[in-house]
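What follows is one structure encoded as structure tokens, with my remarks underneath.
Number of protein chains: 2
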Amino acid sequence: MQSSKRATTPQRIERSPGIKKIAEKLGISIGTVDRALHDRPGIHPDTKKRVMAAAAELGYRPNLAARFLKSGKGLTIAVCLPRAIAHFFDDVRMGVHRAAEAHGAMVELIDYSFSRFEEGEAAAVEEALKKRVNGIILVPGRPSHARPLIGKASRCNIPVVCIGSDADGTGRLVHVATDSFSSGALVGEFLGCLNRPLRRLAVFIGSRGTSDHSEKLRGIQDSVPRHIRLKTTWEVIEAHDNAREAQHLSEKLLDTSRGLHAVYVATANSLPVLQAMDRRSLLGRIPVITTDIYPELLPYLRSGKVLATVYQHPVSQGRIAFDALHRFLVTGVRPAERILLPPLLVMRSNLDILLERSRGWSRRSQGAQRSPESVCLKG
Amino acid sequence: MQSSKRATTPQRIERSPGIKKIAEKLGISIGTVDRALHDRPGIHPDTKKRVMAAAAELGYRPNLAARFLKSGKGLTIAVCLPRAIAHFFDDVRMGVHRAAEAHGAMVELIDYSFSRFEEGEAAAVEEALKKRVNGIILVPGRPSHARPLIGKASRCNIPVVCIGSDADGTGRLVHVATDSFSSGALVGEFLGCLNRPLRRLAVFIGSRGTSDHSEKLRGIQDSVPRHIRLKTTWEVIEAHDNAREAQHLSEKLLDTSRGLHAVYVATANSLPVLQAMDRRSLLGRIPVITTDIYPELLPYLRSGKVLATVYQHPVSQGRIAFDALHRFLVTGVRPAERILLPPLLVMRSNLDILLERSRGWSRRSQGAQRSPESVCLKG
DNA sequence: TTGAAAGCGATACCAC
DNA sequence: GTGGTATCGCTTTCAA
Numbered sequence: 011m012q013s014s015k016r017a018t019t020p021q022r023i024e025r026s027p028g029i030k031k032i033a034e035k036l037g038i039s040i041g042t043v044d045r046a047l048h049d050r051p052g053i054h055p056d057t058k059k060r061v062m063a064a065a066a067e068l069g070y071r072p073n074l075a076a077r078f079l080k081s082g083k084g085l086t087i088a089v090c091l092p093r094a095i096a097h098f099f100d101d102v103r104m105g106v107h108r109a110a111e112a113h114g115a116m117v118e119l120i121d122y123s124f125s126r127f128e129e130g131e132a133a134a135v136e137e138a139l140k141k142r143v144n145g146i147i148l149v150p151g152r153p154s155h156a157r158p159l160i161g162k163a164s165r166c167n168i169p170v171v172c173i174g175s176d177a178d179g180t181g182r183l184v185h186v187a188t189d190s191f192s193s194g195a196l197v198g199e200f201l202g203c204l205n206r207p208l209r210r211l212a213v214f215i216g217s218r219g220t221s222d223h224s225e226k227l228r229g230i231q232d233s234v235p236r237h238i239r240l241k242t243t244w245e246v247i248e249a250h251d252n253a254r255e256a257q258h259l260s261e262k263l264l265d266t267s268r269g270l271h272a273v274y275v276a277t278a279n280s281l282p283v284l285q286a287m288d289r290r291s292l293l294g295r296i297p298v299i300t301t302d303i304y305p306e307l308l309p310y311l312r313s314g315k316v317l318a319t320v321y322q323h324p325v326s327q328g329r330i331a332f333d334a335l336h337r338f339l340v341t342g343v344r345p346a347e348r349i350l351l352p353p354l355l356v357m358r359s360n361l362d363i364l365l366e367r368s369r370g371w372s373r374r375s376q377g378a379q380r381s382p383e384s385v386c387l388k389g
Numbered sequence: 011m012q013s014s015k016r017a018t019t020p021q022r023i024e025r026s027p028g029i030k031k032i033a034e035k036l037g038i039s040i041g042t043v044d045r046a047l048h049d050r051p052g053i054h055p056d057t058k059k060r061v062m063a064a065a066a067e068l069g070y071r072p073n074l075a076a077r078f079l080k081s082g083k084g085l086t087i088a089v090c091l092p093r094a095i096a097h098f099f100d101d102v103r104m105g106v107h108r109a110a111e112a113h114g115a116m117v118e119l120i121d122y123s124f125s126r127f128e129e130g131e132a133a134a135v136e137e138a139l140k141k142r143v144n145g146i147i148l149v150p151g152r153p154s155h156a157r158p159l160i161g162k163a164s165r166c167n168i169p170v171v172c173i174g175s176d177a178d179g180t181g182r183l184v185h186v187a188t189d190s191f192s193s194g195a196l197v198g199e200f201l202g203c204l205n206r207p208l209r210r211l212a213v214f215i216g217s218r219g220t221s222d223h224s225e226k227l228r229g230i231q232d233s234v235p236r237h238i239r240l241k242t243t244w245e246v247i248e249a250h251d252n253a254r255e256a257q258h259l260s261e262k263l264l265d266t267s268r269g270l271h272a273v274y275v276a277t278a279n280s281l282p283v284l285q286a287m288d289r290r291s292l293l294g295r296i297p298v299i300t301t302d303i304y305p306e307l308l309p310y311l312r313s314g315k316v317l318a319t320v321y322q323h324p325v326s327q328g329r330i331a332f333d334a335l336h337r338f339l340v341t342g343v344r345p346a347e348r349i350l351l352p353p354l355l356v357m358r359s360n361l362d363i364l365l366e367r368s369r370g371w372s373r374r375s376q377g378a379q380r381s382p383e384s385v386c387l388k389g
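Protein chains in written order, with my numbering: chain A, 11 to 389; chain B, 11 to 389.
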């Protein structure tokens, strides 16, 4: 009477094997299987080995829904980004958050923003490790500072995805970035199409020591000669991502050397250069290619004073980094060692349609609030 | 002895309210709450109203993990794509599958491929409706054929995402595409940068009746005059996405009219045009811009015989369509009415890095391996 | 070192 | 119409 046996309707849905099936197969309890699968203490090595073998044989994949349902906690991922170039890293952050939102409560992000002019990244990663996050997305502003911490994380089996700069050899999971060499080469190819003399070119970078910058330089220097017969003289200006320095150096360049045929600013630090050129009425006469998109650059693009800018897909970089990390955490599939995105040449014609989709810096808080309608920056 | 009361460790994890909380609040059972929330028969209207009110007040969101765990079935989404331009739609399909994979077993895709030269799309959608899928991703090859079915789906509360062509006014959820006007305008702007005469331009399209094609035409015709002083004569060739026709028409064009200054092929049907030009040694002398990327086009791009091609992000279109649909199904948030991607100018320098990431047609089966249930309508 | 069992939230039955 | 409850796969805790 008390136990009413009811005909258990045999569900025809074929489910993938779970820990129950493994336990059943081995004639042990699910608790033991769990201990084996999760490296928990208190299990006989032999038992563990048998469990792992059975799991592999059955093609066991943990049911994330059940795991989440029970534990009430999803994957926790630390997002360690510099505050530095706000418009860029805010877009990266937005990309990460948008991608994470697709998983609802099953993924939780923790933001750690830091100043790249301190040892912020190390502190951020350290903090994340203390919180025992499941994975880390990191933009190493100063790769050298971050290296030891990335190594530490990897040793703790906490995968680290690097965006922008790399830290190879540290055990990081993957490096996501736009291809710097292609960026430079693309600019060179574009300039080569212009049918103009290119005997004297100026390239503004931050520093030759930054591989992103030196690769862009290498790209354009490799590309231009393929399209231009005459030999080219290169003015390489290292402005160290500093606005005042960029202003000073560009004014000096413009005043001392005449006959510049094109300018390529390979970092986001282009505004001082443009202003200096504008004051000398050089814009519109000398072709200028910049990098990234930010509010102050828009009027230059719209008016044609800047021919094109190289867009580095900050939003996509964030999304791709998240997806690679998430996939690894969930399925164990390692992404490619390095994921490089193609640079995109943005001109007047495709500027607005681009802004409409990936406009992180024109809204206030992204990710949390979904703005009902699109805001247009006034240019 | 038999019932060992154990101190239920109070979990500190704050969970969002579930049906249990609603039931508790109203002093009814969870079964009743379930009936109310899912429009199931056999519930008093008043009770239902009270439940809905309580759910809204508590901010109830169904726990997808629990739902999936119990039902064993995830969301089912039909992917209805033409077999037509294989390299393009295979990439779209890949984008959809990649995005779906992120959700593991919680999302199941069913592929319906059809021939765009029959009423394949209607049959595909009809089939999907019969299977009671949760949502449909559709590329309407012949929008007019698809319209009634999209309307039917929408009336059944089955959201439909249109990729490429639109079917507005049918109740479809969202339209995902690259911006056709921008594509044309971008080509015009690029040609304008070349510092060459552009008095006589040829534009190859499929048909003026296809809005994608007419918009591209409008784009370039709007753009070129902004960069070129002299008036331009336009040769608009409608090749109806037919290789033989394109060959015939381009030979006729090239033989009768001399002094062409540039060629823009606004569809993927560019090979016959290129071959015709190549036979007359015109490539490399007349700037050519094409559309899309496919294996046979690569040598033309690599050799510089084609200056650039307009990439329409097939993979991204697939991903974005899936994400929008998934988000809607899960959270109820409607995407924007229309999602337009910026066209991307691909040249020699960024070609390889692009191929490396989105290379659907260079590999064999994509996604097929994942979905065992892959239905192919014959066309 | 292992077994047993209580739930997590939603579904789908059954019994009233 | 409504209440009750077994169940999904996993984690976690207690008992042995």
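For every residue, glycine included, the Cβ atom is placed at its ideal position computed from N, Cα and C.
{"Item": "Mind checking the stretch 301–333 of chain B against chain A and listing, in chain order, the residues whose C-beta falls within less than 8 Å of any C-beta there?", "Value": "317, 333"}
{"Item": "For the stretch 337–349 of chain A, list every residue whose C-beta sits within 8 Å of some C-beta in chain B, in sequence order.", "Value": "337, 340, 341, 349"}
{"Item": "Take residue 255 of chain A as the anchor and find which of A:328, A:353, A:313, A:282 has the nearest alpha-carbon.", "Value": "A:282"}
{"Item": "At 4 residues or longer, what runs of the alpha helix (DSSP H) sit wholly inside the stretch 225–286 of chain A?", "Value": "253–266"}
{"Item": "State yes or no: is the beta carbon of residue 144 of chain A nearer than 9 Å to at least one beta carbon in chain B?", "Value": "no"}
{"Item": "Just the C-alpha distance for residue 116 of chain B and residue 122 of chain B, rounded to the nearest angstrom, thanks.", "Value": "20 Å"}
{"Item": "Which chain B residues sit within Cβ distance under 9 Å of residue 360 of chain A?", "Value": "189, 192, 193, 195, 196, 199, 352, 353, 354, 355"}
{"Item": "Going along chain A in order, which residues have a C-beta closer than 9 Å to the C-beta of residue 233 of chain B?", "Value": "358, 359"}
{"Item": "Let me confirm a value: residue 265 of chain A is counted as buried when at least 16 other C-beta atoms fall within 10 Å, else exposed. Which label applies?", "Value": "exposed"}
{"Item": "Let me know if residue 48 of chain B comes out buried or exposed under the rule of 16 or more other beta-carbons within 10 Å of its beta-carbon.", "Value": "exposed"}
{"Item": "Indicate the three-state DSSP secondary structure (helix, strand or coil) for residue 52 of chain A in the structure shown.", "Value": "coil"}
{"Item": "So, does the CB of residue 12 of chain A fall closer than 9 Å to a CB anywhere in chain B?", "Value": "For residue 12 of chain A, the pLDDT reaches just 36, beneath the cut-off of 50, and the residue's location in the model is therefore unreliable, although a value from the coordinates is still provided. Not closer than 9 Å to any Cβ of chain B, the Cβ of residue 12 of chain A fails to qualify, so no."}
{"Item": "Buried or exposed for residue 407 of chain B, please, with buried defined as at least 16 other CB atoms from any protein chain shown within 10 angstroms of its CB.", "Value": "The first residue shown for chain B is 11 and the last is 389, placing residue 407 of chain B beyond what the model contains."}
{"Item": "Just to confirm my understanding: we take residue 382 of chain A, look at its own chain, exclude 5 residues before and 5 after, and list those with CB closer than 8 Å. What are they?", "Value": "Residue confidence for residue 382 of chain A is low, a pLDDT of 24 falling below 50, so the modelled location carries little weight; the figure read from the coordinates is stated next. Closer than 8 Å at Cβ, skipping near neighbours: no residue."}
{"Item": "Might you give, ordered along the chain, the residues of its own chain that have their beta carbon closer than 7 Å to the beta carbon of residue 45 of chain B, omitting 5 neighbours on each side?", "Value": "52, 53"}
{"Item": "If we cut at 9 Å on Cβ distances, does residue 78 of chain A have a partner in chain B?", "Value": "yes"}
{"Item": "Is the number of C-beta pairs between the stretch 349–362 of chain A and the stretch 181–199 of chain A that are closer than 8 Å three or more?", "Value": "yes"}
{"Item": "Hey, quick one: how far does the alpha helix (DSSP H) through residue 345 of chain A stretch, first residue to last?", "Value": "Careful: residue 345 of chain A lies outside any alpha helix (DSSP H) and carries neither H nor E."}
{"Item": "Would you mind reading off the limits of the beta strand (DSSP E) that contains residue 121 of chain A?", "Value": "117–124"}
{"Item": "Please return the same chain residues whose Cβ sits closer than 7 Å to the Cβ of residue 303 of chain A, not counting the five positions on each side in sequence.", "Value": "319, 321, 356"}
{"Item": "Do residue 247 of chain A and residue 298 of chain A come within 9 Å of each other at the CB atom, strictly closer than that value?", "Value": "no"}
{"Item": "Rounded to whole angstroms, what's the CA-CA distance from residue 132 of chain A to residue 294 of chain B? Just pull it up for me.", "Value": "53 Å"}
{"Item": "Per DSSP, which one or two residues make a beta bridge with residue 90 of chain A?", "Value": "A:122, A:148"}
{"Item": "Taking only beta-carbon atoms, is residue 227 of chain B less than 9 Å away from chain A?", "Value": "no"}
{"Item": "Tell me the DSSP secondary structure of residue 57 of chain A in three-state form.", "Value": "helix"}
{"Item": "Can you give the Cα-Cα distance for residue 288 of chain A and residue 300 of chain A, rounded to whole angstroms?", "Value": "14 Å"}
{"Item": "I'd like to know whether the C-beta of residue 276 of chain A is nearer than 9 Å to at least one C-beta of chain B.", "Value": "no"}
{"Item": "Exposed or buried, what is residue 199 of chain A when buried is set at 16 or more other beta-carbons lying within 10 Å of its beta-carbon?", "Value": "buried"}
{"Item": "For the stretch 105–121 of chain A, which residues have a beta carbon sitting closer than 9 Å to at least one beta carbon of chain B?", "Value": "108, 109, 111, 112, 113, 114, 115, 116"}
{"Item": "Per DSSP, what kind of secondary structure is residue 112 of chain B in: helix, strand or coil?", "Value": "coil"}
{"Item": "Could you tell me which residues DSSP pairs with residue 211 of chain B in its beta bridges?", "Value": "B:244, B:272"}
{"Item": "Would you tell me roughly how many angstroms separate the C-alpha atoms of residue 147 of chain B and residue 104 of chain B, rounded to the nearest one?", "Value": "13 Å"}
{"Item": "Any idea which residues DSSP pairs residue 321 of chain B with across the strands?", "Value": "B:354"}
{"Item": "In the DSSP output, what is residue 188 of chain B paired with across the bridge?", "Value": "B:351"}
{"Item": "When you compare the CB of residue 286 of chain B with every CB in chain A, is at least one pair closer than 9 Å?", "Value": "no"}
{"Item": "Compare the C-beta of residue 67 of chain B against all C-beta atoms of chain A and say whether one is closer than 9 Å.", "Value": "no"}
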